[in-house]
Amino acid sequence: MTSLPPDPALPAHSPLPRFPANFLWGVSTSAHQIEGAAREDGRGPSSWDAFAAEPGRIKDASDASVAVDHYHRYPQDVELLKNLGVGGYRFSVSWSRVLPQGAGAVNTAGLDFYDRLVDALCEAGVRPVPTLFHWDTPLALEEAGGWLQRDTAYRFAAYVDVVAARLGDRVGRWITLNEPAELTMLGHALGAHAPGKRLLFDALPVAHHQLLAHGLAVDVLRTRGSGSIGIANSHGPTWPASDSEEDRAAADFYDLLLNRLFAEPVLLGAYPDGIADMLPGPVADDLKLISEPLDWYGINYYQPTGVGAPDPKAPTEFAGITVPPEMPFSLRPVEGHPRTAFDWAVVPEALTELLVSFRDRYGDRLPPVVITENGCSYPGLDDRERIGFLDGHLRALHDAMEAGVDVRGYFVWSLLDNWEWAEGYAQRFGLVHVDFDGGTLDRTPKASYHWFRRTLQAQH
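Structure follows, in structure tokens:
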């Protein structure tokens, strides 16, 4: 591994405000994006393996069969975590590495890998924070109907029990699901992600079955003795394109799909008005499970979304996602803000707005919050734009805490440049550069890695 000079010149920023002494600082990754070893040690194929094999699905025609090769290089990556000084590492467990068919026989070699990883993290003084599902549905289950089928929620609960039985003695904090909104909307409604279905509103059962899986997993983890369980939901403010009644109604509907549909069943035990009638039953009984109290609530935040009424003149593509004209809204650019390399708007103050709005909307039903993902894509080793992004968002997070929001942790997306789903290897979200172009996969800490390390040192 090469690195920048030990004390590289970094852009000047005033010191960040102090965060609480017990605040959890971390970084996040996901199994499919970094592990590789797709055909090794008994791992079964996933929905994303099949999706990437379909021509035209991935922008650079790549796949994640090697990815960052974390499966073999995890000791090096744990050393990067230790040197960074984070208190927690959020990774995900590959369901198809543990249960190659999604159910039935356990792949001991797959569980052994996570055993080694957790042991290495504990030895390095880094708290393991596993996510039990980060989009990579075992292909056998996908071919049997996947998340459109209620049975998949029960298969997930059985898988969670297998993982918790092996790792629960060293893992104190669990995340059930990552971003069920994206799997529902991008994977099943719009076809931009695996499994590539374009069902539009007929995709809503996928939302319910994932939330049911979350509730069942919480029950399993509680039975296994876990005292710290959360979910990682994606949320962001929805900004109407104008003050017109039509634009505000469209923005309210989009907010319902992105935010309320996935927060309110978990936090309030109820779906927003008008949604329950579109879901498969028995919804009322399921909501008792879905709303089992959590120890903390994870939020992945990247940017606000501009939304207006349906408009044939509005852009039909947003971050590579085509929005069908029959949807009751159109996506509009958020003007007047810097853009990342992924063309996402950089709006730190929107994070404050989001957190305060959640506090106001849900009151004492909102448990302590952890920012489980926040990050940006920029090229290069001297990634000063990423430093500015993180600095701004941490200040915005502190503003929300000053306003009374109970925030307990912050995880940067991501530790490493990785395989960024339908974008392939083009977008670089890592604090650590990975040599994809030369094929060596060598790790090189970027300027942002050094900045974050110094930031954490100053907080301690």
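Start counting the sequence shown at 79; every next residue gets the next number (this note's numbering).
Backbone N, C-alpha and C fix where the C-beta goes; we use that ideal spot for every residue, glycine too.
At which residues does the alpha helix (DSSP H) containing residue i begin and terminate?
i	result
VAL284	282-301
SER526	525-537
THR186	186-202
THR430	426-440
TYR332	323-333
SER106	Counting along the chain, SER106 falls outside any alpha helix (DSSP H), though it belongs to the beta strand (DSSP E) covering 102-106.
ILE368	361-368
ILE112	109-112
PHE78	Because the chain here runs from 79 to 538, residue 78 falls outside it and cannot be looked at.
LYS160	148-162
ASP127	125-130
SER174	173-176
PHE340	339-345
Tell me the rounded alpha-carbon separation between residue i and residue j.
i	j	result
ARG439	ALA478	14 angstroms
ASP193	ALA109	14 angstroms
GLU257	TRP225	14 angstroms
GLU342	GLY482	21 angstroms
GLY246	PHE169	15 angstroms
HIS212	ILE307	16 angstroms
ILE353	PHE279	10 angstroms
THR107	LEU493	7 angstroms
VAL204	PHE489	13 angstroms
HIS538	PHE507	26 angstroms
ALA536	VAL485	19 angstroms
HIS91	LEU429	20 angstroms
LEU336	LYS366	22 angstroms
ALA235	ARG248	20 angstroms
LEU339	PRO350	6 angstroms
PRO360	GLY223	19 angstroms
LEU509	ASP495	7 angstroms
PHE436	PHE101	20 angstroms
TRP173	GLU323	45 angstroms
SER124	GLU220	8 angstroms
GLU404	LEU158	47 angstroms
VAL164	MET356	43 angstroms
GLU501	ASN452	18 angstroms
LEU432	GLU480	14 angstroms
LEU82	ASP141	Confidence at LEU82 is low in this model, with a pLDDT of 47, below 50, so its placement is unreliable and no value can be given for it.
PRO93	LEU472	11 angstroms
ILE112	GLY516	17 angstroms
ALA328	ARG443	27 angstroms
TRP252	VAL105	15 angstroms
For residue i, which residues in the same chain have their Cβ closer than 8 angstroms to its Cβ, ignoring the five residues on either side in sequence?
i	result
ASP556	Here the chain covers residues 79 to 538 and nothing more, so residue 556 does not appear.
HIS292	THR254, LEU255, PRO258, ILE309, VAL344 and ILE368
LEU539	Summary: the structure shown does not reach residue 539, with the chain confined to residues 79 through 538, and so no result is reported for it.
ASP389	SER408
Assuming residue i is part of the beta strand (DSSP E), what are its boundary residues?
i	result
PHE211	PHE211 -> no beta strand (DSSP E), and no H or E assigned at all.
PHE169	166-170
THR383	383-386
TRP374	From DSSP, TRP374 is part of no beta strand (DSSP E); its letter is neither H nor E.
LEU409	408-410
GLU451	447-451
PRO318	316-318
ALA310	307-312
Using C-beta distances below 6 angstroms, list every residue in its chain close to residue i, excluding the 5 sequence neighbours before and after it, in chain order.
i	result
HIS266	LYS275, LEU277, ALA281 and VAL284
LEU459	HIS511 and LYS524
VAL144	GLY114
PRO84	Per-residue confidence for PRO84 stands at a pLDDT of 47, beneath the threshold of 50, marking its modelled position as unreliable; no derived number is given.
HIS415	ALA423, VAL424 and VAL425
LEU162	ARG531
ARG302	ALA242 and GLY246
TRP126	HIS110, ASP214 and ALA272
ALA116	SER143
LYS160	ALA202
For residue i, which residues in the same chain have their Cβ closer than 7 angstroms to its Cβ, ignoring the five residues on either side in sequence?
i	result
PHE129	ARG135, ALA272, PRO273 and GLY274
ARG464	CYS454, TYR456 and SER526
LEU519	VAL146, ASP147, VAL512 and ASP513
VAL241	VAL171, VAL176 and LEU210
TYR332	THR316, THR383, VAL385 and PHE407
THR80	Per-residue confidence for THR80 stands at a pLDDT of 46, beneath the threshold of 50, marking its modelled position as unreliable; no derived number is given.
GLU427	ALA474
GLU370	GLY293, VAL296 and ASP297
Measuring from the CB of residue i, is there a heavy atom of the ligand PLP at a distance below 6 angstroms?
i	result
VAL448	As for the ligand PLP, it is missing from this structure, which has no ligand bound.
Any beta strand (DSSP E) of 3 or more consecutive residues that is wholly inside the segment 468-522: Restricting attention to beta strand (DSSP E) runs no shorter than 3 residues, the segment 468-522 encloses them at 485-491 and 510-512, ordered along the chain.
May I ask you to verify whether the segment 517-530 touches the segment 461-471, counting CB pairs closer than 8 angstroms and requiring at least 3? Segments in contact, yes.
Segment contact flag, the segment 171-186 with the segment 214-225, C-beta cutoff 8 angstroms, min 3 pairs: With the cut-off at 8 angstroms, the segment 171-186 and the segment 214-225 touch.
Using a Cβ distance threshold of 8 angstroms, determine whether the segment 229-240 contacts the segment 124-141, with at least three qualifying pairs required. The segment 229-240, when compared against the segment 124-141, does not touch it at the 8 angstroms Cβ threshold.
Determine contact between the segment 296-315 and the segment 145-154, defined as no fewer than three beta-carbon pairs at a distance below 8 angstroms. Because the criterion of three Cβ pairs below 8 angstroms is not met, the segment 296-315 and the segment 145-154 do not touch.
At least 3 beta-carbon pairs within less than 8 angstroms: the segment 403-413 vs the segment 446-460: Short answer: they don't touch.
Taking only runs of the alpha helix (DSSP H) that begin and end inside the segment 216-253, which ones reach a length of at least 4 residues, in chain order? Entirely contained in the segment 216-253, the alpha helix (DSSP H) runs reaching 4 residues are, in chain order, 217-221 and 229-245.
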